[in-house]
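Data first, discussion second: the structure below is written as structure tokens.
In our numbering, the protein residues as written are 11 to 276.
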């Protein structure tokens, strides 16, 4: 069976993203990293344009992706510009929070369309997981960062909320992957994009808190992969069915969710 041209282009984008991410990590140069991140950001626009014209994805999905990419790019730019000004650091931190809110909202929207009324229980369980994870996030990341830097209380609070919502995003992502029997290539690619952006966030937090001793360039590699995976998801023809209601398992993995939420409460 011949692979459709857009499907081949989609996987080619994944390959290009992997090559650039590896090159970025080996270069260990902030200038190279900034240039590659800019390329990754710019290539997203034509990918979405082609997707809207050819595949016609849900009208609520592609504007959300553009908003996430824009907020993330501006936040990265301002974060570097305001690194020496603690009073203004709240601006990029607010944008990072906006990215996580959009990710969580977008995932819950997709879950609702694909799995029915599942997002309401997912959001509740996700909040429980976020509350349980927040204590660990505070001990592992936020408290050391506040001690090592002169950031304001507002920035600390925004960072805490951002990482807490990241836990909801991660839980929602797991629900989408394990609660759907018809996982199309676009579902996997969207999941990969979200996973890489979360990985980048936690890598940055690990470095800032002193928990990890590696260059933040490696975190940029995760963001580069995120952007190329997002483009690949939208170029792939299956993006048109991303929000279509599909078959779900007859027996939902309730035990796994119960274990996760109970562990979070303890």
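Don't be surprised by glycine CBs; every beta carbon is placed ideally from N, CA and C.
The region 229-238 touching the region 46-62, judged by at least three CB pairs closer than 8 angstroms:
A contact exists between the region 229-238 and the region 46-62.
Evaluate residue 121 with the Cβ neighbour count: other Cβ atoms within 10 Å of its Cβ, from every protein chain shown; 16 or more gives buried, anything less gives exposed.
If you draw a 10 Å sphere on the C-beta of residue 121, you find 16 or more other C-beta atoms in it, and that means buried.
Which same chain residues, not among the five before or five after residue 209, have their C-beta less than 6 angstroms away from its C-beta?
232
Cβ atoms of residue 199 and residue 246: under 9 angstroms apart, would you say?
yes
By a C-beta neighbour count over all protein chains shown, 10 Å radius and 16 as the cutoff for buried, is residue 244 buried or exposed?
buried
Terminal residues of the alpha helix (DSSP H) in which residue 195 lies
195-218
Quick one: is the Cβ of residue 50 within less than 8 angstroms of any heavy atom of the ligand ZN?
By its list of ligands, the structure shown contains no ligand whatsoever, and the ligand ZN lies outside what it can speak to.
Rounded to a whole number of angstroms, what is the C-alpha to C-alpha distance between residue 148 and residue 173?
9 angstroms
Look at the Cβ atom of residue 255, then the Cβ atom of residue 126, and state whether they are nearer than 9 angstroms.
yes
Would you kindly report the start and end of the unbroken alpha helix (DSSP H) that includes residue 108?
Its alpha helix (DSSP H) spans residues 100-125.
Give every residue of the same chain whose Cβ lies closer than 6 angstroms to the Cβ of residue 217, excluding the five residues on either side of it in the sequence, and list them in chain order.
226
Report all residues from its chain with a CB closer than 7 angstroms to the CB of residue 18; omit the five preceding and five following residues, and keep chain order.
none
Tell me, to the nearest whole angstrom, how far the beta carbon of residue 175 is from that of residue 114; I am working on the premise that it is less than 8 angstroms.
6 angstroms
From residue 275 to residue 152, what distance separates their C-alpha atoms?
Low confidence applies to residue 275: its pLDDT is 43, below 50, so where it sits in the model is not reliable, and the reading given next is rough at best. Cα to Cα, residue 275 sits roughly 20 angstroms from residue 152.
Can you tell me where the alpha helix (DSSP H) holding residue 80 begins and where it ends?
71-91
8 angstroms CB neighbourhood of residue 97 in its chain, flanking five on each side removed:
Excluding sequence positions up to five before and after residue 97, its CB lies within less than 8 angstroms of the CB of 162, all in the same chain and listed in chain order.
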